[in-house]
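Residue numbers (the numbering used here): 2 to 683.
Glycine included, C-beta positions come from ideal geometry on N, C-alpha and C.
Input: a single structure, listed below in structure tokens.
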């Protein structure tokens with residue numbers, strides 16, 4: 002008989018609807034029962050694409066004996082971290098405080114009836130292994146501690162509340178002293194951890210770290226630093242060659258379990274691929290290397306074929322598992338491949354992807370990655386590069402068609418506002434960089450969906466599934482969507498997108514900004530009260546909401562002429578300046594705000610006949626110029642003052658940076674020459 006989760010829309014929660022566990026979704030019903038019965042809460046947080054979440058669900062939550070003990074001893078609450086990142090942030094922080102090391106998923110926390118954590122962990126097995134106790138043993142120990150150590154738990158809770166409060170920064174009084182030191186220190190810090198041979202930062206497991214790569218590309222654009230450029234481009238190239246990249250269906254997996262980018266953790270997330278699409282577009286604009294074009298085209302193909310939903314939005318994630326095994330959908334035996342391919346395709350593909358060598362996945366199967374560059378394969382087989390490319394493409398299409406006949410990994414098809422915003426940004430930038438108007442159409446379709454389905458009564462919502470939009474949107478949702486609107490406006494001006502950007506900016510200031518200290522809370526002022534209200538600033542798998550909000554507000558201030566937006570961005574930067582100085586490498590997103598503060602971005606406003614104007618926009622869009630905001634607005638007198646330019650018979654560009662505006666420019670080549678590097682005007 003289904004439990005209470007059967008009424009939810011989250012695919013992750015619905016995966017647990019038939020568990021024998023008496024699950025509650027997070028809400029007042031569960032919390033009130035815990036308080037009324039003075040029973041501890043078992044809080045389990047995960048997400049649908051998480052491999053170890055599936056393992057624990059199968060071993061423990063589907064087991065009648067384990068479930069009986071959970072039901073007897075605890076009020077059990079299941080949370081989808083993608084729907085409730087506010088809860089995930091709070092209890093991940095609590096896990097760090099209690100255990101002394103980072104958490105992860107599944108997150109398993111034990112709370113007092115008033116939701117204060119007193120013990121926690123991540124994955125627990127059904128039987129003791131991996132140095133971990135059996136989950137039932139944990140349940141009994143925790144329940145006993147709750148009964149016998151009430152005073153110690155209460156004291157620990159008081160200490161934790163104080164610790165939570167101490168994590169919030171306090172504004173330093175007086176005028177902040179902004180300088181470029183944190184920018185240089187962050188590049189040096191990233192260089193210390195940089196893998197010079199394989200790209201990326203640190204060892205295994207190795208993550209893409211898109212916020213850091215974006216920062217490095219921006220530093221190169223601002224300063225010409227060749228090493229910042231090299232770290233970013235080499236990392237992106239090695240990732241595209243490696244097994245973290247799906248060489249058949251396009252897109253990238255969550256991370257690599259080794260330092261060589263060879264074997265991934267096989268879940269595929271919208272937020273990763275959206276950010277990487279933007280980065281590969283920037284890398285192409287900077288270098289014109291085909292590997293970056295191919296990676297970007299693969300991501301868009303994956304979005305279209307595997308993630309697109311009716312109405313224009315994109316699904317959240319693909320599972321790592323299929324048929325009960327991680328990676329099953331993506332793995333091959335050499336015999337399978339050999340049987341599918343004609344001889345010449347096999348010759349090229351087997352050398353290029355390493356199928357002629359030993360298996361690279363658990364000594365039994367192959368996961369495809371580039372082992373030998375195609376140029377070397379062509380030389381070895383005495384083919385022209387074009388012939389080798391043709392054979393490899395034929396092999397790719399054949400293998401992809403065969404793979405598509407397999408049982409697919411599960412898809413989490415809820416629409417997440419923040420993740421779709423990242424996809425809009427990536428698609429809009431890629432459309433400009435590669436001159437692909439159909440990609441702009443995809444971005445506009447997703448933007449229209451969010452504005453139509455997730456904006457209700459003047460407020461943004463966080464998630465949508467099966468026709469139901471729900472949950473108040475978070476800081477990240479507003480900030481990411483605001484930045485996406487700015488990218489979309491550069492790709493093709495639509496008045497509705499500009500109005501959306503202004504509404505989002507106003508919502509950030511009204512509902513999220515800390516009016517006393519500066520910066521932005523993760524939840525709105527009228528959000529459900531939790532034990533701790535976070536103000537996140539470090540970049541992780543997604544960029545921090547504070548960094549993106551401050552950056553986007555500063556850029557919108559250029560378009561709108563609205564000083565409130567620039568002032569809020571500057572207050573956030575000032576609040577977190579001590580963090581930037583102490584740990585610059587952890588805050589690449591906010592460092593981009595500092596970069597804009599020290600070297601103001603340029604605004605180029607274009608006006609003129611439509612056909613010629615489109616050609617100018619196309620050429621400007623291909624530039625590697627992240628310091629530039631270039632728009633061709635419509636709307637006449639309704640436009641804000643910075644965008645009100647006279648109608649002209651020829652295309653003209655009005656360019657401003659800082660407090661300096663240049664005379665109108667009516668020659669495209671002259672404009673492109675000027676925009677080849679940041680403008681040094683103040």
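- Query: In whole angstroms, what is the alpha-carbon distance linking residue 639 and residue 453?
  - Reply: Counted from its first residue, the chain shown places residue 639 at position 638. Counted from its first residue, the chain shown places residue 453 at position 452. So the two alpha carbons sit approximately 23 Å from each other.
- Query: Are there 16 or more other CB atoms within 10 angstroms of the CB of residue 340, so buried, or fewer, so exposed?
  - Reply: Counting from 1 along the chain shown, the entry for residue 340 is found at position 339. That one is exposed.
- Task: Could you tell me the distance, in whole angstroms, from the CA atom of residue 266 to the CA atom of residue 244?
- Result: Taking the chain shown and counting its residues from 1, one reaches residue 266 at position 265. Taking the chain shown and counting its residues from 1, one reaches residue 244 at position 243. So the two alpha carbons sit approximately 10 Å from each other.
- Query: Across which residues does DSSP place residue 548 in a beta bridge pair?
  - Reply: Locating residue 548 in the chain shown gives position 547, where the first residue counts as 1. Its beta-bridge partners do not exist; DSSP assigns none.
- From 472, 651, 644, residue whose alpha carbon lies closest to that of residue 657: Along the chain shown, read from residue 1 onward, the residue named residue 657 stands at position 656. Considering only alpha carbons, the answer is 644.
- Query: Are residue 602 and residue 629 touching if we call contact CB-CB under 9 Å?
  - Reply: Working through the chain shown from its first residue, we reach residue 602 at position 601. Working through the chain shown from its first residue, we reach residue 629 at position 628. Against a cut-off of 9 Å, the Cβ pair of residue 629 and residue 602 comes out as a contact.
- Query: Hey, residue 443 and residue 428 are a contact pair by Cβ (cut 8 Å); roughly how many whole angstroms apart?
  - Reply: As a position in the chain shown, residue 443 is number 442, starting the count at 1. As a position in the chain shown, residue 428 is number 427, starting the count at 1. Right, the Cβ-Cβ distance comes to about 5 Å (below 8 Å), so this counts as a contact.
- Which ranges would you report for the beta strand (DSSP E) in the region 467–514 if only whole runs of at least 3 residues count? DSSP assignment within the region 467–514 yields the following whole beta strand (DSSP E) runs of 3 residues or more, N-terminal first: 469–473.
- In chain order, what residues of the same chain have a beta carbon less than 6 Å from the beta carbon of residue 217, not counting five sequence neighbours either side? As a working note, residue 217 is residue 216 in the chain shown. The beta carbon of residue 217 sits closer than 6 Å to those of 229, 232, 233, all from its chain and outside the five residues before and after it, given in chain order.
- DSSP puts residue 77 in a beta bridge; with which residues? Taking the first residue of the chain shown as 1, we reach residue 77 at position 76. Answer by DSSP bridge pairing, in chain order: 24, 43.
- First through last residue of the alpha helix (DSSP H) which encompasses residue 611: For the purposes of this step, residue 611 is taken as residue 610 along the chain shown, with counting starting at 1. Judged by DSSP secondary structure, residue 611 falls within the alpha helix (DSSP H) whose first and last residues are 611–622.
- Specify whether the region 386–401 and the region 348–357 touch according to this definition: at least 3 beta carbon pairs, one from each stretch, less than 8 Å apart. Between the region 386–401 and the region 348–357, the count of Cβ pairs shorter than 8 Å is three or higher; the stretches touch.
- Message: Cutting at 8 Å between CB atoms, please list the residues of its own chain near residue 1, excluding the five before and the five after it.
- Response: Outside the shown range of the chain, which is 2 to 683, sits residue 1, and nothing can be said about it.
- Query: Rounded C-beta distance between residue 571 and residue 598? I'm assuming under 8 Å.
  - Reply: To locate residue 571, count along the chain shown from 1; it is residue 570. To locate residue 598, count along the chain shown from 1; it is residue 597. In this structure residue 571 touches residue 598 by the C-beta definition: roughly 7 Å separates them, less than 8 Å.
- Strand pairing of residue 662, partner residues [DSSP]: Counting from 1 along the chain shown, the entry for residue 662 is found at position 661. According to DSSP, residue 662 bridges with 657.
- Message: Please report the distance separating the alpha-carbon of residue 575 from that of residue 23.
- Response: Along the chain shown, read from residue 1 onward, the residue named residue 575 stands at position 574. Along the chain shown, read from residue 1 onward, the residue named residue 23 stands at position 22. Spanning the two alpha carbons is a distance of roughly 47 Å.
- Task: Evaluate residue 73 with the Cβ neighbour count: other Cβ atoms within 10 Å of its Cβ, from every protein chain shown; 16 or more gives buried, anything less gives exposed.
- Result: Walking along the chain shown from the start, residue 73 turns up at place 72. With fewer than 16 other Cβ atoms from the protein chains shown falling within 10 Å of its own Cβ, residue 73 counts as exposed.
- Query: Does residue 262 have its Cβ less than 9 Å from a Cβ in chain D?
  - Reply: Given the protein chain composition of this structure (a single chain), no chain D is represented.
- Query: For the region 326–335 against the region 273–285, are there 3 or more C-beta pairs whose distance is under 8 Å?
  - Reply: Between the region 326–335 and the region 273–285 there are fewer than three inter-stretch CB-CB distances shorter than 8 Å, so the stretches are not counted as touching.
- Task: Let me know if residue 292 comes out buried or exposed under the rule of 16 or more other beta-carbons within 10 Å of its beta-carbon.
- Result: Translated into the one-based positions of the chain shown, residue 292 becomes position 291. Counting Cβ neighbours within 10 Å, residue 292 comes out buried, since at least 16 surround it.
- Sequence-distant residues of its chain with Cβ nearer than 7 Å to residue 236 (five each side left out): Within the chain shown, residue 236 is the residue found at index 235, counting from 1. In chain order, 200, 201, 214 place their CB closer than 7 Å to the CB of residue 236, counting only its own chain and leaving out the 5 sequence neighbours on each side.
- Task: Please classify residue 684: does DSSP put it in a helix, a strand, or coil?
- Result: With the chain represented from 2 up to 683, any question about residue 684 goes unanswered, as that position is not in the structure.
- Over what stretch of residues does the alpha helix (DSSP H) that includes residue 631 continue unbroken? Against the chain shown, residue 631 aligns to sequence position 630. That residue, residue 631, is in no alpha helix (DSSP H); its beta strand (DSSP E) goes 629–632.
- Task: Evaluate contact between the region 82–96 and the region 139–154, counting only Cβ atoms and requiring at least three cross-stretch pairs below 8 Å.
- Result: Three or more Cβ pairs closer than 8 Å define a contact, and the region 82–96 falls short of that threshold against the region 139–154.
- Query: What residue range is occupied by the uninterrupted alpha helix (DSSP H) comprising residue 606?
  - Reply: In the chain shown, the residue the question calls residue 606 occupies position 605. Taken as a continuous stretch (DSSP letters only), residue 606 belongs to no alpha helix (DSSP H), being part of the beta strand (DSSP E) at 603–608.
- How about residue 58 and residue 20: do their beta carbons lie closer than 9 Å? One-based indexing of the chain shown puts residue 58 at position 57. One-based indexing of the chain shown puts residue 20 at position 19. Yes, they are a contact pair.
- Please state whether DSSP places residue 170 in a helix, a strand or coil. Position 169 of the chain shown, counting from 1, holds the residue named residue 170. Coil at residue 170, not helix or strand.
- Message: If distances are taken between C-alpha atoms only, which option among 621, 238, 641, 324 comes closest to residue 499?
- Response: Indexing the chain shown from 1 puts residue 499 at position 498. That would be 641, whose Cα lies nearest to the Cα of residue 499.
- Query: Taking residue 71 as the reference, which of 32, 41, 89, 509 has the closest Cα?
  - Reply: The residue labelled residue 71 in the question sits at position 70 within the chain shown. Nearest option by C-alpha distance: 41.
- Message: Taking only three categories from DSSP, how would you classify residue 48?
- Response: To locate residue 48, count along the chain shown from 1; it is residue 47. Three-state result, residue 48: coil.
- Task: Count the C-beta pairs between the region 582–596 and the region 529–543 that are closer than 8 Å, then say yes if the count reaches three, no if not.
- Result: Contact between the region 582–596 and the region 529–543 is present, because at least three Cβ pairs lie under 8 Å.
- Check whether the region 246–260 touches the region 174–192, counting contact only when three or more Cβ pairs, one atom from each stretch, lie closer than 8 Å. Contact fails between the region 246–260 and the region 174–192, because fewer than three Cβ pairs, one in each stretch, are under 8 Å apart.
- Query: Assuming residue 474 contacts residue 275 under a Cβ cut-off of 8 Å, what Cβ separation, rounded to an integer in Å, is found between them?
  - Reply: To locate residue 474, count along the chain shown from 1; it is residue 473. To locate residue 275, count along the chain shown from 1; it is residue 274. About 17 Å separates the two Cβ atoms, so there is no contact after all.
- Message: By the DSSP assignment, the alpha helix (DSSP H) with residue 120 in it spans what residues?
- Response: For the purposes of this step, residue 120 is taken as the residue at position 119 of the chain shown. Boundaries around residue 120 are those of the beta strand (DSSP E), 118–122, since no alpha helix (DSSP H) includes it.
- Rounded separation between residue 97 and residue 104 - CA only: One-based indexing of the chain shown puts residue 97 at position 96. One-based indexing of the chain shown puts residue 104 at position 103. Rounded to the nearest angstrom, the two C-alpha atoms are 6 Å apart.
- State buried or exposed for residue 511, treating a residue as buried only when at least 16 other CB atoms are found within 10 Å of its CB. Numbered from 1 along the chain shown, position 510 holds the residue referred to as residue 511. Its Cβ having fewer than 16 others within 10 Å, residue 511 is exposed.
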